[in-house]
Amino acid sequence: MTLHDARLLSWPRTRALAQAGAVALLPVGSTEAHGPHLPLSVDVVIAEEVCRRVAARLSRDVVVFPPVAYALTDFAAPFAGTVTLNADVARQMLQGILSGIVASGFRTVAVVNHHLEPAHFRVVHDAAKAVQAQAGTARVLVPDHRRAPTGPLLGAEFMHGGSHAGRYETSLMLAAAPKLVDVAAMKALPTLEIDLPGAIKGGAKNFLECGGPDAYFGAPADATADEGERLFTIITDATVATLEGALP
Ligand SMILES: [Zn+2]
173 MTLHDARLLS WPRTRALAQA GAVALLPVGS TEAHGPHLPL SVDVVIAEEV
223 CRRVAARLSR DVVVFPPVAY ALTDFAAPFA GTVTLNADVA RQMLQGILSG
273 IVASGFRTVA VVNHHLEPAH FRVVHDAAKA VQAQAGTARV LVPDHRRAPT
323 GPLLGAEFMH GGSHAGRYET SLMLAAAPKL VDVAAMKALP TLEIDLPGAI
373 KGGAKNFLEC GGPDAYFGAP ADATADEGER LFTIITDATV ATLEGALP
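Shown next, in the form of structure tokens:
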């Protein structure tokens with residue numbers, strides 16, 4: 173239904189929307205290197221776009237809170253512009269934000285996270301669980317599109333962990349914010365077939381050690397806006413299904 177930007181609402185309007193059963197969404201991303209062809213804001217841009225698409229599809233009004241643009245992002249830490257928080261700080265920040273949203277009276281609250289570093293996604297799940305434990309009958313949800321059945325639909329590159337600034341994320345950016353993609357730089361990037369989960373298991377601590385000297389993996393040159401639209405539809409469908417299934 174209707175999307176309301178929380179930055180533009182008064183507190184009585186926010187309270188009225190919460191009491192009327194509006195769903196609160198918290199977009200979460202990072203400020204981190206995404207190859208030479210994409211800006212630092214990729215994860216935030218994608219999370220906000222998913223919120224817009226979910227709001228258009230849900231059976232309730234939606235209040236979108238200001239995005240969280242800082243996160244634990246150790247793998248991109250060697251690259252300029254990346255700002256990483258330690259896990260405790262990141263968890264406490266997310267807990268504080270989610271607690272504030274629940275205290276506003278929202279009965280259904282969801283984190284829409286598109287920074288996929290495993291340690292960060294764990295922090296998101298942990299923070300939501302901690303707030304859920306204090307939230308009474310309100311629901312604090314973390315739709316997780318890495319999981320089956322959604323993950324495998326997002327392509328081999330996504331499933332093999334090569335999704336950082338590769339074909340998957342670049343396609344999403346071409347669909348959501350084409351002006352933010354340097355297409356000439358994108359087309360010049362050779363495919364970098366790296367098994368990120370394997371490299372991480374082998375002890376790699378950052379993208380350099382994983383064999384990604386430009387902070388991208390996979391095949392950004394193959395990205396298209398059409399594929400981005402298809403990926404957004406899959407992610408939106410899954411997120412809407414999770415939220416609709418949890419509505420009181
Ligand atoms: Zn990303």
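Heads up: the sequence shown is residues 173 to 420, going by my numbering. All C-beta atoms, glycine included, are put in the ideal place defined by N, C-alpha and C.
(1) With a threshold of 8 Å on Cβ separation, who are the neighbours of residue 354 within its own chain once the five nearest residues in sequence on each side are excluded?
(2) Give the DSSP bridge partners of residue 339, in chain order.
(3) How big is the Cα-Cα spacing for residue 407 and residue 267?
(4) Below 7 Å, is the gap between the Cβ of residue 288 and the nearest heavy atom of ligand 1?
(5) So, at 7 Å on beta carbons, what are the nonlocal neighbours of residue 229 in its own chain, with the 5 sequence-adjacent residues on each side left out?
(6) Using only CA atoms, which one of 173, 323 and 222 lies nearest to residue 347?
(7) Counting Cβ pairs closer than 8 Å, one from the segment 261-276 and one from the segment 296-305, do we hit at least three?
(8) Rank 235, 231, 256 and 232 by C-alpha distance to the C-alpha of residue 243 and give the top, closest one.
(9) Is residue 335 buried or exposed, if buried means 16 or more other CB atoms sit within 10 Å of its CB?
(10) So, using beta-carbon positions, are residue 421 and residue 315 closer together than 8 Å?
(11) Could you spell out the range, first to last residue, of the alpha helix (DSSP H) harbouring residue 292?
(12) How far does the beta strand (DSSP E) with residue 280 in it extend, from its first residue to its last?
(13) Does DSSP put residue 323 in a helix, in a strand, or in coil?
(14) Tell me, which residues are paired with residue 443 by DSSP?
(15) How would you write the range of the alpha helix (DSSP H) that residue 192 sits in, first residue to last?
(16) Could you name the residues of the same chain whose beta carbon sits closer than 7 Å to that of residue 245, not counting the 5 residues immediately before and after it, in chain order?
(17) Quick one: what does DSSP say residue 369 is sitting in, helix, strand or coil?
(18) What do you get for residue 231, buried or exposed, if any count of 16 or more other CB atoms within 10 angstroms of its CB means buried?
(19) Over what stretch of residues does the beta strand (DSSP E) that includes residue 313 continue unbroken?
(20) From 252, 271, 309 and 198, pick the residue whose C-alpha is nearest to that of residue 279; which is it?
Result, derived from the coordinates:
(1) 208, 209 and 210
(2) Paired residues: none, contrary to the question.
(3) 24 Å
(4) yes
(5) Answer for residue 229: 408 and 412, listed in chain order.
(6) With distances taken between Cα atoms, residue 347 lies closest to 222.
(7) yes
(8) 256
(9) Buried.
(10) This structure cannot settle anything about residue 421, because the visible part of the chain is limited to 173 through 420.
(11) Where residue 292 is concerned, the enclosing alpha helix (DSSP H) stretches over 290-305.
(12) 280-285
(13) Helix.
(14) The requested residue 443 does not occur in the structure, where the chain is confined to residues 173 to 420.
(15) Note, residue 192: premise wrong, no alpha helix (DSSP H); not H, not E.
(16) 202, 204, 254, 256, 287, 289 and 292
(17) helix
(18) exposed
(19) Run containing residue 313: 311-313, per the beta strand (DSSP E) assignment.
(20) 309
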